[in-house]
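**Student:**
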Amino acid sequence: MTGRQTRSTIGMLAPATGLIAIFVLVPMVLTIGLSFTQWSTQTGFETASFVGLANFADLLGPTSIGRDFRAAFGNTAIYTALSVALILPLSVMLGLLVHQTFAPGGILLRTVLFSTYMVPMIAVALVWSKLYSPTEGPINQMLGWVGIPPQTWLSSPRTALVSIVILNVWQQVGYFTVLAVAGLTQIPRSLYEAALVDGASAWMQFWRITLPLLRNTLLFSAVIAVINAVQVFEPVALITQGGPVNSTNVMTYHIRRVGIERAQGGLGSAMAVTLMLSLIVVIVLLFTLLRDRGEQR
Amino acid sequence: MRDSLVSAAPEAVAGDTMANWPAGVVSAASVGGSLYGIPNEIDVYALNYNKRLFEEAGIAEPPKTWDEFLAAAEKLTDASKGQQGFGLINSWAAGVLHPFASLLVSNGGDLIVDGKPVLDSQAAKETFELYEKLITSGFSDPAMATADANTTGPFLDNFVSGKTGMIIMANWWESALKAGMGDAFADIATAPIPVGPSGDTARSISYSWMTVVNAQAAPEEQEAAWKFLSWLNGPDSGENGASAMGDILMSMGILPSRTSDVATFGDRLSSDPFLLGYTETLSDAKPFPVVLGGQEFSESLQQTLEALQFGQVTAADAQANAQADATEILERNAK
Numbered sequence: 015m016t017g018r019q020t021r022s023t024i025g026m027l028a029p030a031t032g033l034i035a036i037f038v039l040v041p042m043v044l045t046i047g048l049s050f051t052q053w054s055t056q057t058g059f060e061t062a063s064f065v066g067l068a069n070f071a072d073l074l075g076p077t078s079i080g081r082d083f084r085a086a087f088g089n090t091a092i093y094t095a096l097s098v099a100l101i102l103p104l105s106v107m108l109g110l111l112v113h114q115t116f117a118p119g120g121i122l123l124r125t126v127l128f129s130t131y132m133v134p135m136i137a138v139a140l141v142w143s144k145l146y147s148p149t150e151g152p153i154n155q156m157l158g159w160v161g162i163p164p165q166t167w168l169s170s171p172r173t174a175l176v177s178i179v180i181l182n183v184w185q186q187v188g189y190f191t192v193l194a195v196a197g198l199t200q201i202p203r204s205l206y207e208a209a210l211v212d213g214a215s216a217w218m219q220f221w222r223i224t225l226p227l228l229r230n231t232l233l234f235s236a237v238i239a240v241i242n243a244v245q246v247f248e249p250v251a252l253i254t255q256g257g258p259v260n261s262t263n264v265m266t267y268h269i270r271r272v273g274i275e276r277a278q279g280g281l282g283s284a285m286a287v288t289l290m291l292s293l294i295v296v297i298v299l300l301f302t303l304l305r306d307r308g309e310q311r
Numbered sequence: 039m040r041d042s043l044v045s046a047a048p049e050a051v052a053g054d055t056m057a058n059w060p061a062g063v064v065s066a067a068s069v070g071g072s073l074y075g076i077p078n079e080i081d082v083y084a085l086n087y088n089k090r091l092f093e094e095a096g097i098a099e100p101p102k103t104w105d106e107f108l109a110a111a112e113k114l115t116d117a118s119k120g121q122q123g124f125g126l127i128n129s130w131a132a133g134v135l136h137p138f139a140s141l142l143v144s145n146g147g148d149l150i151v152d153g154k155p156v157l158d159s160q161a162a163k164e165t166f167e168l169y170e171k172l173i174t175s176g177f178s179d180p181a182m183a184t185a186d187a188n189t190t191g192p193f194l195d196n197f198v199s200g201k202t203g204m205i206i207m208a209n210w211w212e213s214a215l216k217a218g219m220g221d222a223f224a225d226i227a228t229a230p231i232p233v234g235p236s237g238d239t240a241r242s243i244s245y246s247w248m249t250v251v252n253a254q255a256a257p258e259e260q261e262a263a264w265k266f267l268s269w270l271n272g273p274d275s276g277e278n279g280a281s282a283m284g285d286i287l288m289s290m291g292i293l294p295s296r297t298s299d300v301a302t303f304g305d306r307l308s309s310d311p312f313l314l315g316y317t318e319t320l321s322d323a324k325p326f327p328v329v330l331g332g333q334e335f336s337e338s339l340q341q342t343l344e345a346l347q348f349g350q351v352t353a354a355d356a357q358a359n360a361q362a363d364a365t366e367i368l369e370r371n372a373k
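Read top to bottom, the protein sequences are chains H and R.
Going by the working numbering, the first residue of the first sequence is number 15, and it counts up by one from there.
Going by the working numbering, the first residue of the second sequence is number 39, and it counts up by one from there.
(1) Is it buried or exposed, alanine 30 of chain H, if we count other Cβ atoms within 10 angstroms and call 16 or more buried?
(2) Can you find a CB in chain R that lies within less than 7 Å of the CB of threonine 254 of chain H?
(3) Who are the near neighbours of alanine 280 of chain R in its chain, counting only those whose CB is closer than 6 Å to its CB and skipping five residues on each side?
(4) Is any beta-carbon of chain R found at less than 7 Å from that of glutamine 310 of chain H?
(5) Find the residues of chain R that neighbour glutamine 56 of chain H, judging by a C-beta separation of less than 7 Å, and give them in chain order.
(6) Got a sec, what are the start and stop residues for the beta strand (DSSP E) alanine 84 of chain R sits in?
(7) Which same chain residues end up closer than 8 Å to glycine 273 of chain H when comparing Cβ atoms and leaving out the 5 residues on each side of it in sequence?
(8) Just reading off the alpha helix (DSSP H) that phenylalanine 335 of chain R is part of, what are its end residues?
(9) By the three-class DSSP mapping on this structure, what secondary structure does glutamine 350 of chain R have?
(10) To be precise: take each residue of the region 177-194 of chain H, compare its Cβ to all Cβ atoms of chain C, and keep it if any distance is under 9 Å. Which residues remain?
(11) Looking at the strands, I want to know which residues DSSP matches up with lysine 324 of chain R.
(12) Go to threonine 202 of chain R, then tell me how far its beta strand (DSSP E) extends in each direction, as first and last residue.
(13) Can you name, in chain order, every residue of its own chain whose Cβ lies under 6 Å from the Cβ of proline 77 of chain R, other than the five neighbours on each side?
(14) What residues are listed by DSSP as bridge partners for glutamine 278 of chain H?
(15) Hey, which unbroken runs of the alpha helix (DSSP H) at 4 residues or more fall wholly within the region 51-94 of chain H?
(16) Under 7 Å Cβ-Cβ, which residues of chain H neighbour serine 338 of chain R?
(17) Is it true that the region 231-239 of chain H meets the region 140-154 of chain H, where meeting means three or more beta-carbon pairs spaced less than 8 Å apart?
(18) When you compare the region 96-110 of chain R with the region 274-291 of chain R, are there three or more beta-carbon pairs, one atom per stretch, that lie closer than 8 Å?
(19) List in chain order: all unbroken alpha helix (DSSP H) runs of 4+ residues lying wholly within the region 125-161 of chain H.
(20) State the CB to CB distance for the pair isoleucine 201 of chain H and isoleucine 223 of chain H, rounded to an integer number of angstroms; the pair is presumed to be in contact (CB under 8 Å).
(21) Tell me which residues share the same chain as glycine 197 of chain H and place their Cβ nearer than 6 Å to its Cβ, disregarding the 5 neighbours each side in the sequence.
(22) Kindly say whether glutamate 334 of chain R, judged by its beta-carbon, lies nearer than 7 Å to any beta-carbon of chain H.
(23) Under 7 Å between beta-carbons, which chain H residues line up against isoleucine 367 of chain R? List them in chain order, please.
(24) Quick one: what's got a C-beta closer than 7 Å to glycine 308 of chain H's C-beta in the same chain, skipping five residues either side?
(25) Pull the bridge partners of proline 163 of chain H from the DSSP assignment, please.
(26) Would proline 258 of chain H pass as a contact of serine 129 of chain R if the rule is Cβ separation under 7 Å?
(27) For chain R, find out if any of its Cβ atoms is closer than 7 Å to the Cβ of glutamate 60 of chain H; answer yes or no.
(28) Work out the CA separation of serine 338 of chain R and isoleucine 97 of chain R for me, nearest whole Å.
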C-alpha cells in the first residue's frame with residue numbers, strides 16, 4: 015500500500031474508530047485505571063489515590079462490601095442463567111411455530127411476538143409492577159379463577175428475582191424468535207425431503223437436522239441473551255430497588271449504588287472490571303462449548 | 039464536606055441560624071461544630087391510623103405505649119380479610135429505616151452517638167424484638183410491605199385501601215394519601231409514635247433539608263449566595279414576619295423549621311388535623327444522624343431489618359449483625 019492509500023484508509027476509518035475510541039475505549043481504560051484507586055465520584059480525577067489491589071481484596075473480603083458484591087454477582091448469575099435457559103428453548107419452539115406452513119397465522123404470530131420487544135423496558139417494568147401486585151394484581155386475580163392461591167411475586171425475597179426473569183423473558187422472547195426463524199430459513203428444504211424419504215419422524219428431523227443446523231444461530235442468540243441479561247437494570251431500578259432483602263440486587267444496580275450514590279468511584283470501578291472479566295470468560299466458554307460439539311460430529 | 043463540595047457558613051450566618059432555628063435542626067446541618075447551610079424543610083414521623091378500622095376493632099384511642107400498640111395491632115389483624123395490624127415497609131431505605139429509628143428513639147435509644155453505632159443497647163434490643171413480634175404474631179405481613187422506586191407500591195396501596203390498620207410515615211406523604219383515598223382520607227388520623235418500655239416520651243427522628251453554597255465557587259459568588267440565602271430564609275422576605283422560604287414550604291404542605299416561621303404559621307399548622315400528630319412531636323424529635331458513610335450504613339441496616347421482616351434472622355442475630363456491620367462501615371468511612 016502506498017503512503018497516500020494508507021493515509022486515505024486511515025482518514026476514512028477515523029470517524030468510526032475515533033468515536034469508538036472516545037466513547038468505548040477511553041471509558042474502559044479509565045475504569046480499569048480507577049479500579050486501583052480510592053476516588054470520590056463527586057470530585058475530579060486528580061483526587062484519586064492509588065490503592066493497588068485493595069478494592070479487589072475488599073470484593074473478596076468478609077465485610078459488607080464483599081458480602082453485598084458477591085450476593086449481587088450471584089443474583090446476576092442466577093438471573094442470566096434462568097433468562098438464557100428459558101429464552102433459547104422458547105425461541106426455538108416459537109420459531110418452529112411461526113416458520114411452519116401447515117397452519118395459517120405464522121406472520122401474525124411473529125408480529126405479535128416481536129411487538130413486546132418494541133415496548134420500552136421502562137414501560138414494561140412499570141406495567142408489570144402493577145400486574146404483579148400481590149393483592150389486586152391482575153395476574154393473581156387470574157390465577158384465582160383457576161383455583162391457584164395468590165403468589166407473592168415481587169413481594170418476597172424467594173420469588174422476586176424469578177418474577178423479574180419472567181418479565182425479561184416475556185419482553186425478549188420475540189426478538190430471539192425472529193433470530194431463530196432467520197436460522198430456520200437457512201436450513202435447505204432438501205435435507206428434510208431426504209429425511210422424509212429415509213422415513214425419519216418429525217421428532218428425529220428436529221434432533222438430527224433442525225437443532226444441529228441451528229447451532230450458529232443458537233450460539234449468537236446465547237451470546238446476545240447473556241449480554242442482555244447481564245445488563246439488566248431498569249426493572250430493578252424502577253420496581254424493586256434491589257429488594258426485598260437485596261434479593262434482586264444485580265450487578266449493574268449495585269455498581270451504580272456504590273459508584274454513584276455512595277460516590278465510591280474506585281470500588282465501583284473494581285466491580286465493573288470484575289463484571290467485564292466475568293462476562294468475557296462466559297462468552298469465551300460459550301464459544302468453545304458450542305464450537306467443540308460441531309467438530310466432534 | 040469530605041470532598042470539599044460545600045462551604046462552611048460565614049460567622050454571621052452561622053450565628054443567626056443558631057439563634058433562629060431549633061438546636062436539633064442546627065446540629066443536623068453542622069459537622070464538627072461548623073454550620074454548612076441554612077435549614078429549610080423538616081420532616082418527622084408519626085403513627086398514621088385508620089379510624090374506621092379502629093372503630094370496627096373496638097379501639098377507642100390511638101396507642102400511646104408499645105403494649106397498647108401491640109394490643110391494637112392484634113385487634114386490627116384479620117387474616118381472613120387480608121388485613122394487617124401494622125404496616126412495615128421494605129425495598130426502600132428511608133421507608134425501612136426511619137420508622138424503625140423513630141420507634142427506637144421513642145424507646146430512649148439511638149442509632150449513632152458521637153459517630154459510633156449504638157445498636158447494641160437494651161433499647162435497640164427491644165426495638166428489634168418488637169419487629170420480630172410483629173412478624174411472628176402475623177400482625178405485620180412483609181408481603182404487603184413492598185415499596186417501589188416512586189416511594190409508592192403495595193405498602194401505600196394497602197394503607198389506602200384500608201387493609202393496613204396503622205403505619206409510621208413522614209408528614210410529606212399526606213398528598214399521596216389524599217390522592218389515593220379521596221373522601222376516605224377523612225378516616226386517617228395521626229398520633230405521636232408510641233413510647234417503648236425504656237422510653238420516657240414520644241419521639242420521632244427528624245430529617246431536615248438545607249440550602250448550601252458551592253465551595254468551588256469564586257469568593258464573591260459565595261458571598262452573594264450567602265447574602266441571598268440569608269434574605270430568602272430571613273424574617274423580612276415573607277409576609278407577617280415569615281420567611282419567603284417558609285411561604286414556599288407551607289404552600290406545598292411542608293413543615294418549615296425556622297422558629298419564627300413555625301410561630302407565624304402556628305394557626306395554619308394546628309388547624310390541619312393530619313399534621314397535628316407531627317407538630318406535637320417536633321420539639322422532641324431527634325435528627326437522623328449525619329455521618330460519613332451514612333448511605334452505606336443506612337442500606338446495610340435496611341438489609342438487616344428486611345431479613346428480620348422476612349424471618350431470615352432472629353431479633354438477636356439482626357441486632358448483632360446490624361451493630362457489627364455498622365461499626366465496620368463507619369470506621370472505614372471515617373478514615
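Think of the CB as a built atom: it goes at the ideal place given N, C-alpha and C, for glycine as much as any other residue.
Predicted model only: the values in this text are computed from it and were never measured.
**Tutor:** By the coordinates alone:
(1) Alanine 30 of chain H sits exposed, since fewer than 16 C-beta atoms from the chains shown fall within 10 Å of its C-beta.
(2) Yes, threonine 254 of chain H lies at the interface with chain R (some Cβ there is under 7 Å from its Cβ).
(3) Within the same chain, Cβ atoms closer than 6 Å to the Cβ of alanine 280 of chain R are found at Asp299 and Thr302, the five residues on either side in sequence being excluded.
(4) Summary for glutamine 310 of chain H: the model assigns pLDDT 47, below 50, so the residue's position carries little reliability; its value from the coordinates is reported in the next sentence. Closer than 7 Å: no.
(5) Result: Asp41 and Leu43.
(6) For alanine 84 of chain R, the enclosing beta strand (DSSP E) has its first and last residue at 76-88.
(7) So the qualifying residues of the chain are Thr55, Gly279, Leu281, Gly282, Ser283, Met285 and Ala286.
(8) Boundaries of the alpha helix (DSSP H) around phenylalanine 335 of chain R: 332-347.
(9) Secondary structure of glutamine 350 of chain R (DSSP, three-state): coil.
(10) Going by chain labels, chain C is absent from the structure shown, which instead holds the protein chains H and R.
(11) Paired residue(s): R:Ile243.
(12) Counting along the chain, threonine 202 of chain R sits inside the beta strand (DSSP E) bounded by residues 202-208.
(13) Listed in chain order, the non-local C-beta contacts of proline 77 of chain R below 6 Å within the same chain comprise Trp59, Val63, Ala67, Ser246, Met248 and Ser295, local neighbours out to five positions each way being set aside.
(14) Under the DSSP definition of a beta bridge, glutamine 278 of chain H partners with H:Ser54.
(15) Here the runs fully enclosed are 68-74.
(16) Near serine 338 of chain R (Cβ distances below 7 Å), the residues of chain H are Ser78.
(17) Judged by Cβ distances under 8 Å, the region 231-239 of chain H makes no contact with the region 140-154 of chain H, as fewer than three pairs qualify.
(18) Touching, no.
(19) With a minimum length of 4 residues, the continuous alpha helix (DSSP H) runs that stay inside the region 125-161 of chain H are 135-145 and 152-159.
(20) The beta carbons of isoleucine 201 of chain H and isoleucine 223 of chain H sit about 7 Å from each other, so the pair counts as a contact at 8 Å.
(21) Excluding sequence neighbours, glycine 197 of chain H sits near Leu228 and Thr231.
(22) The Cβ of glutamate 334 of chain R sits closer than 7 Å to at least one Cβ of chain H.
(23) Near isoleucine 367 of chain R (Cβ distances below 7 Å), the residues of chain H are Ser78.
(24) With a pLDDT of only 47 at glycine 308 of chain H, under the threshold of 50, the placement of this residue in the model should not be trusted; the figure read from the coordinates follows. Arg229.
(25) BP columns for proline 163 of chain H are empty, so no partner.
(26) For the 7 Å CB-CB criterion, proline 258 of chain H and serine 129 of chain R form a contact.
(27) Chain R contact via Cβ: absent.
(28) Cα-Cα distance, rounded: 36 Å.
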